[in-house]
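K.L.:
Protein chains in written order, with our numbering: chain A, 548 to 836; chain B, -2 to 451; chain C, 4 to 178.
#1: By DSSP, does residue 444 of chain B sit in helix, in strand, or in coil?
#2: By Cβ distance, which residues of its chain are closer than 6 angstroms to residue 176 of chain B, with the 5 residues on each side in sequence left out?
#3: Does DSSP classify residue 344 of chain B as helix, strand or coil?
#4: Can you list the residues of chain B that residue 86 of chain C reaches, using a CB-CB cut of under 7 angstroms?
#5: Considering only their Cβ atoms, is the gap separating residue 51 of chain C from residue 13 of chain B smaller than 8 angstroms?
#6: For residue 654 of chain A, does the three-state DSSP call read helix, strand or coil?
#7: Which runs of the alpha helix (DSSP H) spanning at least 4 residues fall entirely within the region 548 to 581 of chain A, listed in chain order?
#8: Would you call the region 233 to 248 of chain B in contact with the region 370 to 382 of chain B, where contact means no fewer than 3 C-beta pairs closer than 8 angstroms?
#9: Got a sec: is the Cβ-Cβ distance from residue 77 of chain C to anything in chain A below 8 angstroms?
#10: Would you say residue 83 of chain B reaches chain C, if we count a Cβ-Cβ gap shorter than 8 angstroms as a contact?
#11: Please state the DSSP three-state secondary structure of residue 730 of chain A.
#12: Determine whether the beta carbon atoms of residue 159 of chain B and residue 71 of chain B lie at a separation below 8 angstroms.
#13: Taking only the alpha-carbon atoms, compute the straight-line gap between residue 516 of chain A and residue 381 of chain B and give it to the nearest angstrom.
#14: Does any CB atom of chain C fall closer than 8 angstroms to the CB of residue 653 of chain A?
#15: Using three-state DSSP, classify residue 127 of chain C as helix, strand or coil.
#16: Whose Cβ in chain B lies nearer than 7 angstroms to the Cβ of residue 127 of chain C?
#17: If I follow the unbroken beta strand (DSSP E) through residue 827 of chain A, where does it start and stop?
#18: Are the region 420 to 434 of chain B and the region 65 to 85 of chain B touching by the rule of at least three beta carbon pairs closer than 8 angstroms?
#19: Going by DSSP in three states, residue 509 of chain B sits in which element: helix, strand or coil?
#20: With 16 as the cutoff for other CB atoms within 10 Å, does residue 565 of chain A come out buried or exposed?
#21: Is there contact between the region 142 to 158 of chain C and the region 438 to 445 of chain B, where contact requires at least three CB pairs shorter than 8 angstroms?
#22: Alpha carbon to alpha carbon, how far is residue 823 of chain A from residue 788 of chain A? Give it in angstroms, no decimals.
#23: DSSP three-state call for residue 812 of chain A: helix, strand or coil?
#24: With burial defined as no fewer than 16 other Cβ atoms inside 10 Å of the residue's Cβ, what is the status of residue 390 of chain B: buried or exposed?
#25: Would residue 188 of chain B count as contacting chain A if we go by Cβ distances under 8 angstroms?
#26: Under 7 angstroms between beta-carbons, which chain C residues line up against residue 219 of chain B? List them in chain order, please.
#27: In the DSSP assignment, what residue or residues form a beta bridge with residue 11 of chain C?
#28: So if DSSP puts residue 666 of chain A in a beta bridge, which residue, or which two residues, is it bridged to?
#29: Once you ignore the five residues that flank residue 145 of chain C on each side, which residues in its own chain have a CB closer than 7 angstroms to its CB?
#30: Are the beta-carbon atoms belonging to residue 318 of chain B and residue 379 of chain B less than 8 angstroms from one another?
#31: Mind checking residue 242 of chain B: buried by the 16 CB within 10 Å criterion, or exposed?
#32: Could you pull out every residue in the same chain whose Cβ sits closer than 8 angstroms to the Cβ of residue 196 of chain B, ignoring the five residues on either side in sequence?
#33: Could you give the C-beta distance for residue 569 of chain A and residue 775 of chain A, rounded to a whole number, given that I count them as a contact under 8 angstroms?
#34: Less than 8 angstroms between the beta carbons of residue 279 of chain B and residue 257 of chain B, yes or no?
#35: Whose C-alpha, out of B:291, B:293, B:323, is nearest the C-alpha of residue 304 of chain B?
#36: When you compare only the Cα positions, how much space is there between residue 18 of chain C and residue 444 of chain B?
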């Protein structure tokens, strides 16, 4: 049976994604984040905690590095501006970068999981199956972005994670995770699922704007754009296109031009070939304007 | 100096070895007691960690791996010495291995069992470990065969079962001796069962020889593959400091190295505890020491190759990890590794230390400390200085639960190993007889030749 | 005619060897040379030339076992990858060769070792019932020669053994 299956579908089993594969159809969820608009206010992170039932681990566990922020705001200082005497306005040296799972097309975490608990889905997400996870943490070890978070304790039963009335605000669409499983940003897969269901009932595809991720929804400066990359009408598609960032390239054509393209779009660790689904738009420097 | 006296009577060999199984020195019980106590510490730690969560081991994101994986590699590595002595030296007809290969094989088996425990201890959901085992189920779910961890599981299973079988098959003639010469009791029943009715007939010996040789041939590439696969856990990943082409060779050399130094340690302990002075002789120790020295130098060379290839590459991230090891927070441990692994073995080059038992005992322990540090220095620094800047200011030191478990693993190993040496003959009687016989034959032949010359 | 067993113990290989040579050359009626068994405390393959061609076939089991294990490994793994919802991981092909070859090698060794042990048990006839005449001295330091022959040949065989300094001769009690 299995040998027959092997022989019949051989070609289907022997191609590399995304480089010699057809693009996802009809959905490929992707994001773009405008760092020029990001003020580092952390609203996205808070929204994510509320939407995805992230445990609030408390001061002590935070100090031990057990924090569970699926989306984290990283703060970098520009050495030439951000130190005292470095520039007229040292506070301008601060730069923020929201970091979450990049939903790679060829994710390094997927190949190494011994239990096949993390996989690539048909709509271009990097899925994590909590029930299947055995907690070897190899995925986290091999993630170049280090955006996977492990449940070091059994948070649902730990005191003060969701004290008394606070557990009333848990999102019923999202499970809580027990100790010993890995978790990470899902691009709010529960919302995607609901939107796809609604659209299907109405006999259409999901339109741009039908679905928002929690972080996108909460962002006061609309720095985060999310949508279906294969939909030519979507904002995210237009942004990627105008920035000339292509999903299945490990080096963009525009960057090979002499003197640069002047475009702001880039993906982190493109050269490691994980083919991330999140594009960042570089901050515009005052000196460059 | 002779490896072994050729005028030991065969009956004497039986007697001496069987005596070790009945009346060892008092120290034996002391060792067993402390080993058991240490093991209990580990059981306590594991119960606590199992109940509370992996957080008590003081790991975090991104420091997802810690001492468990390092110590896992350490024990896997140690297991390679048994194969070196029993298979590689067997094929090379080095007959000085004969009095010491049995305990080396036991070392292989039990250190693999210890390593296997660390895989379990490391898992976040130990109770679901069978998800990573390929078993057919009605939902058609399979583990991920692409994962080096799964190769590990497969390689360890193959290696463990093969080395248990190899140890057992090689022991059948000795079990028959035990059956024939021990007093009535549960042990006699056990040996009768295990010796399978061996009588030393020509048919049995003939097939025994071919089997032993064949399995030795299987075990050598298997042992190499096992540690290459452990190296693949790191080399197949994308992380700086791990993604190194020379890792498989480096790991195999390190494995033989730590295995050989463990053999020296255990050689000295067994020799004293079981009064094996006649069999585990100083000339044999000297040969083992020389072998260890050679392997130590190979390891040092491969270490240097790794540093050089990182240093001259254009891979800035890998280079940063290397710099981090040399001058960062891990520097004391890294330099400790260099000292114990590359400088201390230079002592073995001096003839006067090669048979000095107290010096060798200390040196062999230091070598193993160095090898343990090496494994830690492979695993940990990459987590605190990976590709992503967010990891750079996160230092996380192993908590006491991790240290307790590492400590306990030595107790667990010693317990199993010492238990084995008391219940089963730790010196191969029939092989020592062969060795004595061949020496005698050789002596006789050379005497006849000499007479002929006159 | 009924057959009986006879076990002679020798102090060293030379004596035993000489006795076996003589028995082989003597061509005693009622005694087949293949019914002679040498028992020794060590494995000494030079002695086996005395016994003539007696073969060991374990290596064929090894070959068969490793081929079987390897093939089983490869097809089991590739087949299950293809069946497992054809789940894509890390952009690699669903049936990737390098990992499968690693596992095929492991299965090859596993099959080889297991079947070799099986072959050893079959070829060496283990586990076996103890033969009617057995002396614990054989597992210590003496060489045993066990023969099975007709009653009529017993006296002659015994004579040969005694000629070569047999230390002890045990006879099966006749039924």
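The beta-carbon is built from N, C-alpha and C at its ideal position, and this holds for glycine as well.
P.N.:
Taking the coordinates as given:
#1: Against the second chain, residue 444 of chain B aligns to sequence position 447. In the structure shown, residue 444 of chain B sits in a helix (DSSP, three-state: H, G or I).
#2: Here the question's residue 176 of chain B lines up with position 179 in the second chain. These residues qualify, in order along the chain: 188, 189, 192.
#3: Your numbering for residue 344 of chain B matches position 347 in the second chain. In this structure, residue 344 of chain B counts as helix in the three-state DSSP scheme.
#4: Residue mapping note: residue 86 of chain C aligns to position 83 of the third chain, counting from 1. Neighbours of residue 86 of chain C on chain B, chain order: 137.
#5: As a first step, residue 13 of chain B is located in the second chain; it is residue number 16 there, counting from the start. As a first step, residue 51 of chain C is located in the third chain; it is residue number 48 there, counting from the start. No, the Cβ-Cβ distance between residue 13 of chain B and residue 51 of chain C is not below 8 angstroms.
#6: Looking up residue 654 of chain A in the first chain gives position 107. Residue 654 of chain A falls in the coil class under three-state DSSP.
#7: 549 to 555, 557 to 560
#8: yes
#9: Taking the first residue of the third chain as 1, we reach residue 77 of chain C at position 74. No, residue 77 of chain C lies away from the interface with chain A (no Cβ there is under 8 angstroms from its Cβ).
#10: Taking the second chain and counting its residues from 1, one reaches residue 83 of chain B at position 86. False, the Cβ-Cβ gap to chain C never drops below 8 angstroms.
#11: Position 183 of the first chain, counting from 1, holds the residue named residue 730 of chain A. It is a strand residue.
#12: Residue mapping note: residue 159 of chain B aligns to position 162 of the second chain, counting from 1. Residue mapping note: residue 71 of chain B aligns to position 74 of the second chain, counting from 1. Result no, Cβ atoms of residue 159 of chain B and residue 71 of chain B do not sit closer than 8 angstroms.
#13: There is no way to answer for residue 516 of chain A, as the model of chain A reaches only from 548 to 836.
#14: Position 106 of the first chain, counted from the start, is the residue given in the question as residue 653 of chain A. Closer than 8 angstroms: yes.
#15: Numbered from its first residue, the third chain carries residue 127 of chain C at position 124. Correct three-state label for residue 127 of chain C: helix.
#16: The residue given as residue 127 of chain C occupies position 124 in the third chain. What residue 127 of chain C touches in chain B: 200, 201, 204, 205.
#17: Locating residue 827 of chain A in the first chain gives position 280, where the first residue counts as 1. Looking at the DSSP string, the run of the beta strand (DSSP E) that includes residue 827 of chain A is 825 to 828.
#18: no
#19: In this structure chain B extends from -2 to 451, so residue 509 of chain B is not present and cannot be described.
#20: Walking along the first chain from the start, residue 565 of chain A turns up at place 18. With 16 or more other Cβ atoms within 10 Å, it is buried.
#21: no
#22: Position 241 of the first chain, counting from 1, holds the residue named residue 788 of chain A. Position 276 of the first chain, counting from 1, holds the residue named residue 823 of chain A. The alpha-carbon atoms of residue 788 of chain A and residue 823 of chain A are separated by roughly 15 angstroms.
#23: The count along the first chain starts at 1 and reaches residue 812 of chain A at position 265. DSSP places residue 812 of chain A in strand when its eight states are reduced to three.
#24: The count along the second chain starts at 1 and reaches residue 390 of chain B at position 393. It counts as exposed.
#25: Reading the second chain from its first residue, position 191 is the one you call residue 188 of chain B. For residue 188 of chain B, the answer is no, since every Cβ of chain A falls outside 8 angstroms of its Cβ.
#26: Here residue 219 of chain B refers to the residue found at position 222 of the second chain. 112, listed in chain order.
#27: To locate residue 11 of chain C, count along the third chain from 1; it is residue 8. Residue 11 of chain C is bridged to C:148, C:172.
#28: Along the first chain, read from residue 1 onward, the residue named residue 666 of chain A stands at position 119. Paired residues: A:674.
#29: On the third chain, position 142 is the one that residue 145 of chain C refers to. Excluding sequence neighbours, residue 145 of chain C sits near 12, 13, 14, 170.
#30: Locating residue 318 of chain B in the second chain gives position 321, counting from the first residue. Locating residue 379 of chain B in the second chain gives position 382, counting from the first residue. A contact, by the Cβ cut-off of 8 angstroms.
#31: Residue mapping note: residue 242 of chain B aligns to position 245 of the second chain, counting from 1. By the 10 Å Cβ count, residue 242 of chain B comes out exposed.
#32: The residue given as residue 196 of chain B occupies position 199 in the second chain. Answer for residue 196 of chain B: 173, listed in chain order.
#33: The sequence position of residue 569 of chain A within the first chain is 22, counting from 1. The sequence position of residue 775 of chain A within the first chain is 228, counting from 1. With a Cβ gap of about 16 angstroms, residue 569 of chain A and residue 775 of chain A do not count as contacting.
#34: For the purposes of this step, residue 279 of chain B is taken as residue 282 along the second chain, with counting starting at 1. For the purposes of this step, residue 257 of chain B is taken as residue 260 along the second chain, with counting starting at 1. No, Cβ-Cβ distance for residue 279 of chain B and residue 257 of chain B is not below 8 angstroms.
#35: Here residue 304 of chain B is taken as the residue at index 307 of the second chain, counted from 1. Measuring from the Cα of residue 304 of chain B, the nearest candidate turns out to be B:323.
#36: As a working mapping, residue 18 of chain C is identified with position 15 in the third chain. As a working mapping, residue 444 of chain B is identified with position 447 in the second chain. So the alpha carbons of these two residues sit roughly 21 angstroms apart.
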